[in-house]
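Novice:
There are 4 protein chains.
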Amino acid sequence: MIAILITIMVLEFKTPHEATLAALRPLLPLFLSYILSFIFLGIYWTNHHHLMHITERVSGSVLWANLHLLFWLSLVPFTTAWMSEHYHEALPVAVYGLVQLGSGMAYSVLYSRIVRHEANTKLHEAVGSDWKGRASHVAYATALPVAWLWPPLSIGIYVAVALAWLVPDRRIEKKV
Amino acid sequence: MIAILITIMVLEFKTPHEATLAALRPLLPLFLSYILSFIFLGIYWTNHHHLMHITERVSGSVLWANLHLLFWLSLVPFTTAWMSEHYHEALPVAVYGLVQLGSGMAYSVLYSRIVRHEANTKLHEAVGSDWKGRASHVAYATALPVAWLWPPLSIGIYVAVALAWLVPDRRIEKKV
Amino acid sequence: MIAILITIMVLEFKTPHEATLAALRPLLPLFLSYILSFIFLGIYWTNHHHLMHITERVSGSVLWANLHLLFWLSLVPFTTAWMSEHYHEALPVAVYGLVQLGSGMAYSVLYSRIVRHEANTKLHEAVGSDWKGRASHVAYATALPVAWLWPPLSIGIYVAVALAWLVPDRRIEKKV
Amino acid sequence: MIAILITIMVLEFKTPHEATLAALRPLLPLFLSYILSFIFLGIYWTNHHHLMHITERVSGSVLWANLHLLFWLSLVPFTTAWMSEHYHEALPVAVYGLVQLGSGMAYSVLYSRIVRHEANTKLHEAVGSDWKGRASHVAYATALPVAWLWPPLSIGIYVAVALAWLVPDRRIEKKV
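Residue numbers (numbering that gives the first Met the number 0), protein chains in the order written: chain R, 0 to 175; chain A, 0 to 175; chain C, 0 to 175; chain L, 0 to 175.
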């Protein structure tokens, strides 16, 4: 489903009617936002992949936690397109961060459901405290009010969080 | 495929050209309808997941019962968008319920095909009589004429049925 | 991928701006064409499912035969939408049949590749001569020129072929 | 995901409002570009299939190399649509080649990651030096500046590279 969301964002790129570099320039904010959201969704994809790899049995409660995460992620194409059109205005930038915060918290819920359901001490030991996840939540929650002060700073925070997660979580990999 | 249908509904969210809260307000009915249909499709996803988990062999007749269910579900993005634009008018609200009723009955057919084909007494014992499914059919069938009296009541019935199913069916889980 | 093609056809249903039955009427030809194409793609889905179930090893040549089939099927949403707008004119009706003929022949190629590659005598015995496939090719090839005489007759032939295939191919099922 | 990208390209085919052959003619450049991109994506599909078949364990670094490839491939529907509208102009033709070059190099990175990670000498022996990949990179890199001299020649190079890859890579198949 994350793959489908990525491709839906591609649909936003309207074919320019001119064959000049100037005709591509209006697409630049969307293109940069697309890269940010692509990395954002990619992070969930890889982490989700590791998580599901460990999970042996998918219960109904895990399925709904999963759907809850997908609900937030499904709003990403919309917030990406809106922010890219108004990247210097508070509301669209804050809404983008709100969806990222919601996704992050939904992932934490999914993660704790899997750990609890599975009594998966192996996983728990591997990951330890989810400090990186918690730090991201704090960063997003900070970026929301900041959008009314200076939107580019909020976007800077989103980029920083994305870069921090680009380093794959070797903790799960190493132990498993 | 249910994942694709969910993402198709997301395509309905047209990016507003203003960066204000007022520009988001026209999207509110669509957003609420989206949540309702998301839960609706999510219910089929989780139940379908449990059902397929039990099914050992997919015969042609099960495949077609499956396609029949997907046919009804594939109409959900259309009925969601239409109802969200006219949520206080009888026909779109009734058509939304009609597709929900059709999906529910198609699921019952799929379910009984699997039970019959598999002579799956284990599954049959686990689920017992499908009273929740039948009650939903009755609720939907009631909501259809109600739409001509007072559309919000029909929508209330749809919401109630969705909430009733949000509680995952532990019967299958427990036994398997 | 067939699931994606089915959902792409759903995108053609533009939400009517009125809440009346009259507003739904212009969608009727598209809806009927959608049902026809849904059954058409569903047939490939179920047959493809049985075929892949038997195939043990997917070689490069089978992958390309598969892609060739998907190429033809990928044109179905376009021909469905075009025919539904002009169902009483020769060219769109004939083009619809042409894509069906191409899909049918691509399926035959895929089928023979799998039989040859696998030296799959078990499969060969199960299916025997592909008379139903050949009869369909003849029916489609007949429907093409007929479209210039009387388009509804061509559409009737498409419907008849679809109905003939709705009966699942029990030959493979029984033997395997 | 490659299947989704292929179907997204199909969305570009706007249904003509006339039922004549003349109404189909404006779609011809898009149709030919679609075939080229379909083969292009099909090549990645089959090669990717073989590659993943050999890979036993998907590490985080392989997942990201995979996402990097998908990023480039996700731009193909856009470049296909743009080039098809301006196939006799330098920039769109060069941008199409740039995305093909990026995809090719991303595939090489993915390939070398898998070989290195797996210490997959079996795979390494099977494929030997990746001369075909390198030759394609050179061809694409040549086609970029050529687009400013004579765009059709660049397109000719793209077609030639696609045809060269249509022959499936039997080296992996034979050894495995």
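We put the beta carbon where it would ideally sit given N, CA and C, even for glycine.
Can you round the beta-carbon distance between C:V98 and C:L74 to whole angstroms, since I take them to be within the 8 Å contact cut?
Specialist: Counting from one through the third sequence, the residue named residue 98 of chain C turns up at place 99. Counting from one through the third sequence, the residue named residue 74 of chain C turns up at place 75. That pair is a contact at about 5 Å.
Novice: Can a CB atom of chain A be found closer than 8 Å to the CB of R:S73?
Specialist: By 1-based counting over the first sequence, the position of residue 73 of chain R is 74. So, interface residue.
Novice: Can you tell me whether DSSP reads R:V75 as helix, strand or coil?
Specialist: Locating residue 75 of chain R in the first sequence gives position 76, counting from the first residue. In this structure, R:V75 counts as helix in the three-state DSSP scheme.
Novice: So, does the CB of R:W44 fall closer than 8 Å to a CB anywhere in chain L?
Specialist: Residue mapping note: residue 44 of chain R aligns to position 45 of the first sequence, counting from 1. Yes, its Cβ sits closer than 8 Å to a Cβ of chain L.
Novice: Are three or more beta carbon pairs between the region 49–68 of chain C and the region 40–51 of chain L nearer than 8 Å?
Specialist: A contact exists between the region 49–68 of chain C and the region 40–51 of chain L.
Novice: Excluding the five sequence neighbours on either side, which residues of its own chain have a C-beta within less than 7 Å of the C-beta of C:M211, listed in chain order?
Specialist: Given a span of 0 to 175 for chain C in the structure shown, any question on residue 211 of chain C remains unanswerable.
Novice: Buried or exposed: C:A155, going by 16 or more other Cβ atoms within 10 Å of its Cβ?
Specialist: If you number the third sequence from 1, residue 155 of chain C lands on position 156. It is worth fixing the name first, because residue 155 of chain C is Gly in this sequence and not Ala. Label assigned to C:G155: exposed.
Novice: Taking C-alpha atoms, which residue in L:T78, L:A146, L:L29 lies nearest to L:T14?
Specialist: One-based indexing of the fourth sequence puts residue 14 of chain L at position 15. Measuring from the Cα of L:T14, the nearest candidate turns out to be L:L29.
Novice: What residues from the region 44–69 of chain L come within 8 Å of chain R, judged by C-beta to C-beta, listed N to C?
Specialist: So the list reads V57, S58, G59, S60, L62, W63, L66, L69, given in the order they occur along the chain.
Novice: Flag L:F37 as yes if its beta-carbon sits less than 8 Å from any beta-carbon of chain R, otherwise no.
Specialist: In the fourth sequence, residue 37 of chain L corresponds to position 38, counting from 1. No, because no Cβ of chain R sits closer than 8 Å to the Cβ of L:F37.
Novice: Could you check the C-alpha separation between C:L66 and L:G41 for me, to the nearest Å?
Specialist: Within the third sequence, residue 66 of chain C is the residue found at index 67, counting from 1. Within the fourth sequence, residue 41 of chain L is the residue found at index 42, counting from 1. Their Cα atoms are separated by approximately 7 Å.
Novice: Using 10 angstroms around the beta-carbon of R:I34, count the other beta-carbons present and answer buried if the total reaches 16, otherwise exposed.
Specialist: Indexing the first sequence from 1 puts residue 34 of chain R at position 35. Classification of R:I34: exposed, given that the 10 Å Cβ count is below 16.
Novice: From this set, A:L72, A:A18, A:E88, which residue's C-alpha is nearest C:E17's C-alpha?
Specialist: For the purposes of this step, residue 17 of chain C is identified with residue 18 of the third sequence, where counting begins at 1. The shortest Cα separation from C:E17 among A:L72, A:A18, A:E88 belongs to A:E88.
Novice: Run down chain A in chain order and give the residues with a C-beta less than 9 Å from the C-beta of R:P76.
Specialist: Residue 76 of chain R sits at position 77 when you count from the first residue of the first sequence. Going along chain A in sequence order, the residues near R:P76 (Cβ under 9 Å) are T6, V9, L10, F12.
Novice: Cutting at 8 Å between CB atoms, please list the residues of its own chain near R:A224, excluding the five before and the five after it.
Specialist: Outside the displayed span of chain R (0 to 175) sits residue 224 of chain R, for which this structure offers no information.
Novice: Under 9 Å between beta-carbons, which chain R residues line up against L:I156? List them in chain order, please.
Specialist: Indexing the fourth sequence from 1 puts residue 156 of chain L at position 157. Result: empty, since nearest Cβ-Cβ is about 19 Å, beyond 9 Å.
Novice: Could you tell me whether the Cβ atoms of A:S107 and A:G132 are closer together than 8 Å?
Specialist: Walking along the second sequence from the start, residue 107 of chain A turns up at place 108. Walking along the second sequence from the start, residue 132 of chain A turns up at place 133. Cβ distance < 8 Å, so A:S107 and A:G132 count as in contact.
Novice: Which residues in chain R have a C-beta closer than 7 Å to the C-beta of A:A2? List them in chain order.
Specialist: Counting from 1 along the second sequence, the entry for residue 2 of chain A is found at position 3. In chain order: M0, I3.
Novice: Express the C-alpha separation of R:H136 and L:W63 in angstroms, rounding to a whole number.
Specialist: The count along the fourth sequence starts at 1 and reaches residue 63 of chain L at position 64. The count along the first sequence starts at 1 and reaches residue 136 of chain R at position 137. Answer to the nearest angstrom: the Cα atoms are 23 Å apart.
Novice: Please determine, among L:L72, L:E84, L:I5, the residue with the shortest C-alpha to C-alpha distance to L:S102.
Specialist: Residue numbering aside, residue 102 of chain L sits at position 103 when the fourth sequence is read from its first letter. If we check each option's Cα against that of L:S102, L:L72 comes out closest.
Novice: At the level of alpha carbons, what is the spacing between A:F70 and C:L165?
Specialist: Here the question's residue 70 of chain A lines up with position 71 in the second sequence. Here the question's residue 165 of chain C lines up with position 166 in the third sequence. Taking the straight line joining both Cα atoms gives about 15 Å.
Novice: Taking DSSP as the reference, what is the three-state secondary structure of L:V175?
Specialist: Translated into positions along the fourth sequence, residue 175 of chain L becomes position 176. Because L:V175 carries a pLDDT of 49, less than 50, the predicted location of this residue cannot be relied on, and no value is offered for it.
Novice: What in chain A is Cβ-close to C:T79, meaning under 8 Å?
Specialist: For this step, residue 79 of chain C is matched to residue 80 along the third sequence. Within 8 Å Cβ-Cβ: nothing; C:T79 doesn't reach chain A, min ~13 Å.
Novice: With C-beta atoms as the reference, is L:I7 less than 8 Å away from R:L100?
Specialist: Within the fourth sequence, numbered from 1, the residue matching residue 7 of chain L stands at position 8. Within the first sequence, numbered from 1, the residue matching residue 100 of chain R stands at position 101. No, the pair does not count as a contact, with Cβ atoms beyond the cut-off.
Novice: Can you grab the Cα-Cα spacing for the pair L:D129 / L:I113, in whole Å?
Specialist: Looking up residue 129 of chain L in the fourth sequence gives position 130. Looking up residue 113 of chain L in the fourth sequence gives position 114. When rounded, the distance between both Cα atoms is 14 Å.
Novice: Would you verify that the beta carbon of A:P151 is, or is not, closer than 8 Å to some beta carbon of chain R?
Specialist: As a working mapping, residue 151 of chain A is identified with position 152 in the second sequence. It does not: the Cβ of A:P151 has no partner Cβ on chain R nearer than 8 Å.
Novice: Spatial neighbours of R:W147 within its chain, please: C-beta separation below 8 Å, excluding the five flanking residues on both sides.
Specialist: Position 148 of the first sequence, counting from 1, holds the residue named residue 147 of chain R. Cβ within range, chain order: A89, A93.
Novice: DSSP three-state label for C:E17, please.
Specialist: The sequence position of residue 17 of chain C within the third sequence is 18, counting from 1. Coil.
Novice: Taking 8 Å as the threshold (C-beta atoms), are L:A142 and L:I38 in contact?
Specialist: One-based indexing of the fourth sequence puts residue 38 of chain L at position 39. One-based indexing of the fourth sequence puts residue 142 of chain L at position 143. Going by C-beta atoms, L:I38 is not nearer than 8 Å to L:A142.
Novice: Are the C-beta of A:G41 and some C-beta of chain R separated by less than 8 Å?
Specialist: Translated into the one-based positions of the second sequence, residue 41 of chain A becomes position 42. Chain R contact via Cβ: present.
Novice: Between the beta-carbon of R:F12 and the beta-carbon of L:F77, is there less than 8 Å?
Specialist: As a first step, residue 12 of chain R must be located in the first sequence, where it is residue number 13. As a first step, residue 77 of chain L must be located in the fourth sequence, where it is residue number 78. Taking 8 Å as the Cβ cut-off, R:F12 and L:F77 qualify as a contacting pair.
Novice: Which residues, in order along the region 84–102 of chain C, keep a beta-carbon less than 7 Å from a beta-carbon of chain L?
Specialist: If the cut-off is 7 Å between Cβ atoms, the region 84–102 of chain C has E84, H85, E88, L90, P91 near chain L.
Novice: Pick out whichever of A:P150, A:A163, A:I5, A:E84 has its Cα sitting closest to the Cα of A:W44.
Specialist: Position 45 of the second sequence, counted from the start, is the residue given in the question as residue 44 of chain A. Closest by alpha carbon: A:I5.
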